[in-house]
Amino acid sequence: MNDLASADANIQTALLEVISEGVSGGLLVYDKNDQIVFASQHLLSLLPVPKGFLAPGTRLRDFLGAVYDSGGRFVADSTSPRRMLSREDWVAEQIATLWKERADTLERRGTDRWLSFTKRRLPSGYGVSVIRDVSDHKKREEQWRADMERVQITEEVLDHLPFPITVKDRNSTFVAVNKAASRFLGLPVEAVLGHKGSDIHSAKLEKRLDGINRQLFDTGEPVQLADRVTRPDGPDAIIIANKYRIGKPGRYYIVTAMEDITALVGTGDDGREPVLSKDRLQMMEAAFGRHERDMRTDPARDIAEVAGRKVLMVSADAQVEAEASNILATLRLDTSSVSTAAELRLFLKFVKDSRIRMDLIVIDVASDAECMEIARQHDIPTLAVNGLEMMQELASNVVHLLQQKPAEAAENMPEEDWQIDTGVNADGPVIDILVAEDNEVNQIVFSQILEGFGYRYAIAADGEEAVRMWRELSPRLILMDVTLPKLNGFEASARIRSLETIDGSIPIIGVLAHPFDRDRDECFAAGMNDVILKPISPEALEAVFQAYLDIPVKRSYA
C-alpha cells in the first residue's frame with residue numbers, strides 16, 4: 001500500500017512538471033497552511049533560491065525569506081513610488097497577495113528582466129502560482145513603441161512641411177497626404193485618404209497623370225513637371241511637381257512633392273521683373289507637353305511586346321550587373337550575364353552552336369573595349385550604358401531597341417535553357433520574403449525590419465493577393481497572418497500547398513496574435529511550417545530566417 005502511494009506521488013509530481021513545461025514557467029503549489037506542496041525545477045532559473053527551499057513541506061515564509069536574502073525581491077511595474085520594505089514586511093506583503101482569490105502582477109528584477117506572476121487561491125484552500133519570464137515580450141513591446149514613435153515623427157515632419165506632398169499606391173489611391181496638400185486640394189485629409197485620383201481630379205487631368213504615374217511605376221525614373229492649375233478658391237497657380245518612386249518590388253508607391261512658383265513667375269503688373277520669365281515658363285510647359293506625348297505609349301503593352309526576349313548583360317562590376325539584372329527582370333526579359341571578353345566570346349559561341357537567337361547585348365562602358373567588337377562580329381544589336389546612369393536610362397532604351405527589332409519566328413529554334421547565371425532567374429525567386437498582412441501598422445513594422453535586414457520583399461493585403469503574388473514573385477519564404485480578408489491565412493496556405501508543383505517547397509510561417517493551441521493546430525493543418533507571435537520583433541524574424549533560409553542577416557536594423 002505504501003508502494004502504491006509512493007508511485008501515485010511520483011506520478012503527480014511528474015504531471016505537475018509537465019504542466020510547468022506546458023505553461024513555459026515555474027509552478028508553485030501550496031496548501032492552506034502556507035506550506036509548499038510542489039515546486040517545479042524551472043523556478044530555480046527564475047528565482048535565486050537554494051534548491052532545498054523548493055522541497056515539499058517548506059514554509060512559504062522561509063521560501064520568500066530566501067528569495068529576499070538572495071536579492072530576488074521584486075519592484076512592481078506601477079506608477080506608485082517605490083517603497084523600501086524590511087525583510088519581514090516584504091515577506092508579509094507577499095504572503096498577503098497569495099491569499100487573494102486571484103492576483104496578476106508584472107514585476108521587475110534588475111534593469112532588463114521582467115517576471116509575470118499569476119496567483120490563484122482555490123476554494124479548497126490550495127494555492128497555485130505560475131511564474132514566467134516575459135522579458136522578450138517586454139522588449140518587443142518597447143521595439144513596437146519605438147517603431148510607432150518613428151512613424152509618428154515622420155508624419156509630423158511631413159505635416160509641417162510648407163509644400164504639398166501626396167503618396168499614391170499602384171491603384172492610384174491616396175495612402176498619405178500632408179496638411180499642405182490638403183489645403184492645396186481644398187479638401188480635408190479624411191476626404192483624400194483612401195480615395196482614387198479620379199475622385200479628386202478632373203477626368204482630363206487624371207488621365208494625364210495616370211499615364212505618367214504608370215510609366216514611373218515601371219521605370220523608376222523621377223519626373224519633374226511644370227503645369228498651370230486652378231486652385232479650389234478660384235485663382236490660377238503655376239506649380240512644379242517632382243514625382244518619385246519609392247518602396248520595393250511588389251510594393252511601390254509614387255510620392256509627389258509640389259511647389260507653387262506663381263510668385264516667382266509674377267505678372268509684370270506691379271512693375272517688377274518676374275524671377276522666372278514667361279518665356280522660361282513656356283519652355284517648361286513645352287517640356288511637359290513633350291513628356292506627355294512620350295506617355296501616349298502603354299507601358300504594360302510595351303513590356304508585353306518585349307517579354308521573353310533574350311538579353312545578355314556584360315559588366316565586370318558586380319553591383320552594376322546586379323542593378324541591370326533587376327531592371328531587366330522587371331521587363332520580364334530572358335537575361336544572363338558575363339563579366340569578361342573571354343566569357344563573352346565563349347558564351348556567344350555556345351549561342352551560335354546551339355542556334356539560339358540573341359536579341360540584345362547590354363555592355364557597361366567600363367568593360368573591356370574588346371567586348372563591343374565581339375558583339376559586332378556576331379551581328380547582334382548592342383546597347384552601351386554608363387553604370388551611373390543605368391537606373392534612369394536602361395529600361396526605356398532596352399524597350400526602344402527591342403521594339404525596333406521584332407522577334408523572329410521561332411518555330412525552328414530549339415527550346416533550350418540558354419542561361420548561365422544571372423542572379424535573377426525567371427523561374428526562381430523574384431523576392432525573398434512575401435508578407436501577408438492587412439493591418440497597416442503591422443505592415444510598417446514588417447517593412448522597417450525587412451528593409452533593415454536587406455531583404456527583397458512584398459506585402460499582400462489579403463489572402464487572394466497573397467496567393468497571386470506567391471505565383472508571380474516566387475518568394476523564398478511567406479509570413480502569413482491568419483486573420484486576412486477574402487481568404488484567411490489558413491485558406492491561403494492550403495491553396496498554395498494545393499498549387500505547388502513540389503510539396504512543401506516554400507516555408508510558410510503563420511503569424512498569430514494569440515498563443516492559442518487551436519490556432520497553432522489549424523496553422524499546421526493548413527500546411528504551415530511554423531508559427532510566430534505578434535508583436536513581431538527583429539530577433540523573432542531573424543531566428544525564422546536562419547532556420548528556414550539558412551543564411552545570415554544584416555543587422556542594420558539596430
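Counted from 1, the sequence shown has number 529 at position 529 by full-length UniProt numbering; the numbering is strictly sequential. Just so it is clear, CB atoms sit at the ideal spot from N, CA and C, and this is done for glycine as well.
Leaving out five residues on either side along the sequence, give the residues of the same chain with a beta carbon under 6 angstroms from the beta carbon of residue i.
{"i": "K139", "result": "none"}
{"i": "R102", "result": "R120"}
{"i": "R127", "result": "Here the sequence assigns Gly to residue 127, which means Arg is not the residue at that position. Excluding positions up to five away in sequence, the list reads Y30, L98 and R121."}
{"i": "C523", "result": "G510 and V531"}
{"i": "Q12", "result": "none"}
{"i": "V23", "result": "V130"}
{"i": "P222", "result": "Y244"}
{"i": "N242", "result": "Q224 and A257"}
{"i": "G489", "result": "M480, D481 and V482"}
Could you please give the first and the last residue of the uninterrupted alpha helix (DSSP H) stretch that includes residue i?
{"i": "T154", "result": "S135 to H160"}
{"i": "N213", "result": "A203 to T219"}
{"i": "N442", "result": "E440 to F453"}
{"i": "N326", "result": "A318 to T330"}
{"i": "V192", "result": "V189 to V192"}
{"i": "K179", "result": "K179 to L185"}
{"i": "R120", "result": "Unbroken run through R120 is the beta strand (DSSP E), R113 to R121; no alpha helix (DSSP H)."}
{"i": "L43", "result": "L43 to L46"}
{"i": "G197", "result": "G197 to I200"}
Less than 7 angstroms between C-beta atoms, sequence neighbours within five positions excluded: which residues of the same chain meet that for residue i?
{"i": "R245", "result": "L216, F217, G220, Y252 and I254"}
{"i": "D112", "result": "S135"}
{"i": "A540", "result": "I532"}
{"i": "V192", "result": "F174, V177, S182, L185 and I200"}
{"i": "A547", "result": "none"}
{"i": "I19", "result": "L27"}
{"i": "G250", "result": "I431, A458, M469 and L473"}
{"i": "E370", "result": "A341"}
{"i": "L161", "result": "N178 and A180"}
{"i": "D269", "result": "Bear in mind that a pLDDT of 47 at D269, under 50, signals an unreliable position, so the number given afterwards is only what the model happens to contain. Around D269: no qualifying Cβ."}
{"i": "M358", "result": "K310, L312, V351 and I380"}
Whole-angstrom Cβ separation of residue i and residue j, contact assumed at under 8 angstroms?
{"i": "L333", "j": "R309", "result": "6 angstroms"}
{"i": "S129", "j": "F117", "result": "6 angstroms"}
{"i": "G194", "j": "E206", "result": "Not confirmed; about 16 angstroms, so no contact."}
{"i": "I240", "j": "V314", "result": "Going by Cβ atoms, the distance from I240 to V314 rounds to 39 angstroms, so no, they are not a contact pair."}
{"i": "A316", "j": "T335", "result": "A316 to T335, Cβ: 17 angstroms. No contact."}
{"i": "L54", "j": "A39", "result": "4 angstroms"}
{"i": "L394", "j": "A329", "result": "In fact, because the Cβ distance is near 12 angstroms, the residues do not count as touching under 8 angstroms."}
{"i": "L512", "j": "D519", "result": "5 angstroms"}
{"i": "V365", "j": "V385", "result": "7 angstroms"}
Any heavy atom of the ligand FAD closer than 6 angstroms to the CB of residue i?
{"i": "E21", "result": "In terms of ligand content, the structure shown is empty, and the ligand FAD therefore cannot be addressed."}
Excluding sequence positions up to five away, which residues of its chain have a Cβ less than 8 angstroms from the Cβ of residue i?
{"i": "G25", "result": "H42, L46, S116, V130, I131, R132 and D133"}
{"i": "G527", "result": "S493, A494, I496, R497, G504 and I508"}
{"i": "V49", "result": "L43, F63, A66, V67, S70 and G72"}
{"i": "V467", "result": "L487, A492, R495, I496 and L499"}
{"i": "T297", "result": "Any answer about T297 is weak, because its pLDDT of 47 lies below 50 and its placement is not dependable; what the coordinates show is given next. Closer than 8 angstroms at the Cβ level, and outside the excluded window around T297, lies no residue."}
{"i": "V189", "result": "V177, K179 and S182"}
{"i": "I502", "result": "none"}
{"i": "A14", "result": "none"}
{"i": "G57", "result": "Q35 and I36"}
{"i": "R471", "result": "L499"}
Just curious, the beta strand (DSSP E) that residue i is in, first and last residue?
{"i": "K168", "result": "I165 to K168"}
{"i": "E88", "result": "Run containing E88: none in the beta strand (DSSP E); it sits in the alpha helix (DSSP H), R87 to L98."}
{"i": "V338", "result": "D334 to V338"}
{"i": "G26", "result": "G26 to Y30"}
{"i": "L54", "result": "First-last for L54: undefined, no H or E at that position."}
{"i": "A66", "result": "Note, A66: premise wrong, no beta strand (DSSP E); alpha helix (DSSP H) at L60 to D69."}
{"i": "I254", "result": "R251 to D260"}
{"i": "G125", "result": "Segment: none, G125 is in no beta strand (DSSP E) and carries neither H nor E."}
{"i": "V314", "result": "K310 to V314"}
{"i": "E107", "result": "R102 to R109"}
{"i": "V23", "result": "Careful: V23 lies outside any beta strand (DSSP E) and carries neither H nor E."}
{"i": "D236", "result": "D236 to K248"}
{"i": "V430", "result": "Premise fails: V430 is in no beta strand (DSSP E) and is neither H nor E."}
{"i": "T382", "result": "T382 to V385"}
{"i": "A39", "result": "I36 to A39"}
Could you check whether the Cβ of residue i sits closer than 7 angstroms to any Cβ belonging to chain C?
{"i": "R357", "result": "Absence of chain C from the displayed structure is noted, only one protein chain being present."}
### Task
Mind the definition here: the region 127-145 touches the region 163-172 only if three or more C-beta pairs lie below 8 angstroms; say whether that holds.
no
### Three CB pairs or more closer than 8 angstroms across the region 167-186 and the region 455-465
no
### Query
Is the number of C-beta pairs between the region 351-361 and the region 377-385 that are closer than 8 angstroms three or more?
yes
### Query
Taking the runs of the alpha helix (DSSP H) that are 4 residues or longer, which of them lie wholly in the UniProt domain "Response regulatory" (432-549)?
440-453, 463-473, 489-499, 517-525 and 538-548
### Inside the region 345-380 only - beta strand (DSSP E) runs reaching at least 3 residues
360-364
### Three-pair Cβ contact test at 8 angstroms for the region 477-493 versus the region 435-455
yes
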